[in-house]
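Residues 3 to 392 in our numbering are what the sequence shown spells out, letter by letter.
Report on the following structure.
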Amino acid sequence: MPHSSLMATYAPPEILFEKGEGAYLITREGDRYLDFISGIAVTAFGHNHPHLVAALKNQAEKYWHTSNMFRVEHGERLAERLCANSFADRVFFGNSGAEAVEAGLKMMRRYHFDRGDTKRNRIIGMHNAFHGRTIATVAAAGNPSHTKGFFEGDLGCDHVPFGDIQALETAITEKTAGVILEPVQGEGGILPAPEGYLKAVRNLCDQHGILLMVDEIQCGMGRTGKLFAYEWAGIEPDILSSAKGLGGGFPVGACLASEKAASCMVVGTHGSTFGGNPLATAVGNAVLDLLLENGFLEQVTAKSLKLREGLQQLAGKHPAILGDVQGLGLMLGIKCHVPNTEMLARLRDAKLLTGRAGSDILRLLPPLNLTDQHIEEALEILDKTCAHWG
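Encoded structure:
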């Protein structure tokens, strides 16, 4: 049945889910699908998690919205906890990842403007990056398929190959305000930054007096086994964008910043009517409750190693179909020697939900609280799908 009232932005299959239970989505007919895409890294604790549901219901029965004209206790607490567990001193709440990135892009430019260096207004982004679908975020990523027909010129953005420190150094000029990158590229193929790269980028930014922004919308909030992926590199950024898993399925975005970077964001500089509303921040705090439980992130790492090992074994068993496994933590991709769109469709027919990245990567983003049983079930479905490919 065509969905004629919806704009043609996506092309979903005809499956219609009615409810979710943990790692599974269930149709009205009772078909159970193992969800290893998690709404693209959003439902970090699966579906219908009792702690998240209780937090949302409790706040929903009190009040939903006041706007940022008034204080929101859940928002203040969530900001304090994010700062206490990261490099940040200040947090701006929006409703999405794109809004979180936009806030950071504005901050990088305004930081220099307020210091009288008005020529420093260009942002350097990375090839194959993804930062959202707004005008500013597609400009920062520079993907021609996303920018086509929306604007002329570069909107003040330059782009260099991800992982090439010499190219970045060459691109920095007296007009550069900052650098934006994903510690693990998502849409570009589940690619972690090469060893030592983030530290070299940090050093370059310090040398030139420019700001470093990391986009952790997909790779943050425990997805890699650390609360934030930049921690693996032993650096601190100036700005960080977060969303997706932060709300566990409820829309919320956050732009975290150091005191230095955030000093330019004064009253009236930026804002959001819905950002940081009581519902979203109540759930965000519930997500942090689970992420910060003693030993939980270590469990994410342990499960990721088990899943990765299983995928590598399948690649060895089906070398004509599967190739290298890449990624970090429970943000994994496996190279496909067959069309990844067809692989995704066949796995979906076998009741395993996955995603794709780039032109040849099958993307796996299971819930962070998955079990060994979930891993074994997913690997079995993938094994059978490969075995019956011909």
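Backbone N, C-alpha and C define an ideal beta-carbon position, used for all residues, glycine too.
Remember, it's a predicted structure, so these values are computed and weren't measured experimentally.
For Gly312, the enclosing alpha helix (DSSP H) begins and ends at 298-319. Here the C-alpha atom of Tyr12 lies approximately 25 Å from the C-alpha atom of Met128. Between Val285 and Ala57, the beta carbon gap of about 5 Å places them in contact (Cβ cut-off 8 Å). The alpha carbon of Arg112 has as its nearest neighbour, out of Leu36, Val268, Gly249, Leu183, the alpha carbon of Val268. Across the structure, Gly191 and His76 are spaced so that their CA atoms are roughly 35 Å apart.
Measuring C-alpha to C-alpha distances from Lys319 to each of Leu381, Lys305, Leu349, Arg358 identifies Leu381 as the nearest. Using a Cβ distance threshold of 8 Å, Leu309 and Gly227 do not count as a contacting pair. Leaving aside the five residues that flank Ala288 on each side, the residues in its chain whose CB is nearer than 6 Å to its CB run, in chain order, His53, Leu54, Ala57. Note on geometry: alpha-carbon atoms of Asn371 and Leu334 lie some 15 Å from one another. Taking one beta carbon from each stretch, the stretch 321-337 and the stretch 355-367 have 3 or more pairs nearer than 8 Å; the two touch. Pairing His339 with Pro321, the inter-Cα distance amounts to about 8 Å.
By a beta-carbon distance limit of 8 Å, Thr283 does not contact Leu84. Their separation comes to about 10 Å. Using a Cβ distance threshold of 8 Å, Asp240 and Ala263 count as a contacting pair. Rounded to whole angstroms, the gap between the alpha carbons of Leu354 and His114 is 48 Å. Fully contained in the stretch 111-145 are the following alpha helix (DSSP H) runs of length 4 or more, in chain order: 137-143.
With the rule of 3 Cβ pairs closer than 8 Å, the stretch 198-207 counts as touching the stretch 231-249. Beta-bridge pairing by DSSP links Gln187 to Leu193. Two segments are said to touch when three or more pairs of C-beta atoms, one from each, lie closer than 8 Å; by this definition the stretch 94-103 touches the stretch 210-223. Ser69 sits exposed, since fewer than 16 C-beta atoms from the chains shown fall within 10 Å of its C-beta. In this chain, the alpha helix (DSSP H) harbouring Asp351 covers 342-351.
Taking 8 Å as the cut-off, the beta carbon of Phe164 is found closer than this to the beta carbon of Leu193. DSSP, read as helix, strand or coil, puts Ile174 in coil.
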